[in-house]
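Numbering (the working numbering), first residue to last: 278 to 554. Every residue gets a Cβ at the ideal spot worked out from N, C-alpha and C, and that includes glycine.
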């Protein structure tokens, strides 16, 4: 380690100090590489350009987040949320994840890990991504401009996207109205991927079967928010990966990238300034 004024690379661990990072890179234009801590880099993306290399934690947390998605899918399909709230014996409710049609929005590390976890359940998997390029383990791949086609017939829709201007509000009233009335939405991307008030309307009306949200808009979700009181909504407080899970994984990524940087090798988790992630 050395002082930033003589460093070639900067590992930025202060996840919410965007202004401080802006000042640091402006004061040190010689920096060749900046490593960011989160998988999502939307808070910092206005700083990212082609004057230096930028990397983030994308892919680092894929396995624990995919595991959380699997838990939420099973909880939604098996009515666990409502049973957990019950005060008396209730009627049988539930659907099989086995053989279900699952649509995943996003084609990054979470999607890759989730597809692997779903293999024993023999699901039919559709992946929505930028361009209809092959995705290992997916039965169908569609481009994002065919989103509605991927929603029709899905038993669950998993949101595992980077947050960009193009993906803000990607699921709203129109999309919910084209989903199956029993379908569950699972969001582990960012809260702003879903139009919250329109989700509340869809859950209340039974337009969709339910929602399992590890991220919300706003976040943290206020105690009085209507989502808390809906029996077909499961909320977890952004714990797809906890600090206990994340710290060793991110540490391994940073260590590997430092070694690659010193050796002049390609870094992992590179941010594309044009794509915004």
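Delimiting residues of the beta strand (DSSP E) encompassing residue i
i, result
"residue 378", "378–382"
"residue 332", "330–332"
Secondary structure of residue i, DSSP reduced to three states
i, result
"residue 464", "strand"
"residue 401", "strand"
"residue 242", "The chain is shown from 278 up to 554; residue 242 falls before or after that span and cannot be answered."
"residue 485", "coil"
"residue 548", "coil"
"residue 555", "A query on residue 555 cannot be resolved here, the shown segment of the chain reaching from 278 to 554 and no further."
"residue 511", "strand"
"residue 417", "strand"
"residue 362", "helix"
"residue 392", "helix"
"residue 355", "coil"
"residue 288", "strand"
"residue 374", "coil"
"residue 448", "strand"
"residue 410", "coil"
Straight-line gap, residue i to residue j (C-alpha atoms, nearest Å)
i, j, result
"residue 528", "residue 325", "22 Å"
"residue 295", "residue 398", "42 Å"
"residue 524", "residue 290", "11 Å"
"residue 332", "residue 554", "9 Å"
"residue 483", "residue 458", "7 Å"
"residue 421", "residue 448", "12 Å"
"residue 504", "residue 359", "13 Å"
"residue 431", "residue 537", "41 Å"
"residue 393", "residue 414", "7 Å"
"residue 400", "residue 303", "49 Å"
"residue 279", "residue 532", "16 Å"
"residue 455", "residue 364", "34 Å"
Cβ distance (whole Å) where residue i is taken to contact residue j below 8 Å
i, j, result
"residue 463", "residue 382", "Not confirmed; about 10 Å, so no contact."
"residue 465", "residue 379", "With a Cβ gap of about 13 Å, residue 465 and residue 379 do not count as contacting."
"residue 313", "residue 284", "That pair is no contact at about 16 Å."
"residue 336", "residue 286", "Their Cβ separation, rounded to whole angstroms, is 19 Å, which puts residue 336 and residue 286 out of contact at 8 Å."
"residue 437", "residue 353", "Residue 437 to residue 353, Cβ: 16 Å. No contact."
"residue 390", "residue 343", "4 Å"
"residue 288", "residue 305", "Not quite, the Cβ-Cβ distance comes to about 13 Å (not below 8 Å), so this is no contact."
Closest residue to residue i among the options (Cα-Cα distance)
i, options, result
"residue 452", "369, 428, 436, 441", "428"
"residue 512", "491, 519, 518", "491"
"residue 494", "487, 440, 535, 509", "440"
"residue 542", "449, 330, 486", "330"
"residue 409", "402, 400, 423, 401", "423"
"residue 443", "419, 366, 406", "406"
"residue 375", "282, 516, 433", "433"
"residue 545", "292, 522, 334", "334"
"residue 347", "530, 377, 478, 361", "377"
Element boundaries [alpha helix (DSSP H), containing residue i]
i, result
"residue 296", "295–304"
"residue 317", "Segment: none, residue 317 is in no alpha helix (DSSP H) and carries neither H nor E."
Heavy atom of the ligand FMN within 6 Å of residue i beta-carbon
i, result
"residue 417", "The ligand FMN is absent from the structure shown, which contains no ligands of any kind."
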